[in-house]
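Colleague: With the first letter of the sequence shown counted as 1, position 7 gets the number 15 in our numbering; the numbers rise by one all the way through.
All C-beta atoms in this analysis are idealised placements derived from N, C-alpha and C, irrespective of residue type, glycine included.
Note that the structure is predicted; figures quoted are calculated from it, not measured.
A single structure is presented below for examination.
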Amino acid sequence: MHEADRFSALRTAVQQAILTRDGATDRATRRRAYEGEGSPGAIAEYVATVQRNADRVDDDMMAAVRQAGLDDDAIFELTVATAVGEATRQFEAGMAALVAALAEREG
């Protein structure tokens, strides 16, 4: 198997594990986090912070997310879903820019 195909297969497997397997959070909530949307309120704020400025997650934000009903397992799942979703978007944007630059160079 070509290296790019192996990488693509691994990315797909990780995405499917996040979005389709049973977990502490329901699939719709994980999908929203993966897509960078979160649920309304404290959870949406948490997802947005993890997505853009993970270093700014603080004790107050964690307390608000727990008060919204999430336990540590659910917080972990949403953190992973958010981080992998954002990394995927950034990777795809980078690859698209590379393809466009190569096409412009060749064209």
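Whose C-beta lies closer than 7 Å to the C-beta of ASN61 among residues of the same chain, with five residues either side of it excluded?
Modeller: Looking up residue 61 in the sequence shown gives position 53. Nothing meets the Cβ criterion.
Colleague: Taking the CB atoms as reference points, tell me whether GLY102 and GLY44 lie closer together than 8 Å.
Modeller: What you label residue 102 is simply residue 94 of the sequence shown in a count that begins at 1. What you label residue 44 is simply residue 36 of the sequence shown in a count that begins at 1. The answer is no: Cβ separation not under 8 Å.
Colleague: Do you know offhand how far ALA89's Cα is from ASP79's?
Modeller: Here residue 89 refers to the residue found at position 81 of the sequence shown. Here residue 79 refers to the residue found at position 71 of the sequence shown. ALA89 and ASP79: Cα-Cα distance of roughly 15 Å.
Colleague: What whole-angstrom Cβ distance do PHE50 and ALA32 have, given they're in contact under 8 Å?
Modeller: As a working note, residue 50 is residue 42 in the sequence shown. As a working note, residue 32 is residue 24 in the sequence shown. In the sequence under discussion, the amino acid at residue 50 is Ala, which differs from the Phe named in the question. The pair is not a contact, with the Cβ atoms about 17 Å apart (cut-off 8 Å).
Colleague: For MET70 versus GLU53, is the C-beta spacing smaller than 8 Å?
Modeller: In the sequence shown, residue 70 corresponds to position 62, counting from 1. In the sequence shown, residue 53 corresponds to position 45, counting from 1. No; because the gap between Cβ atoms is not below 8 Å, this pair is not in contact.
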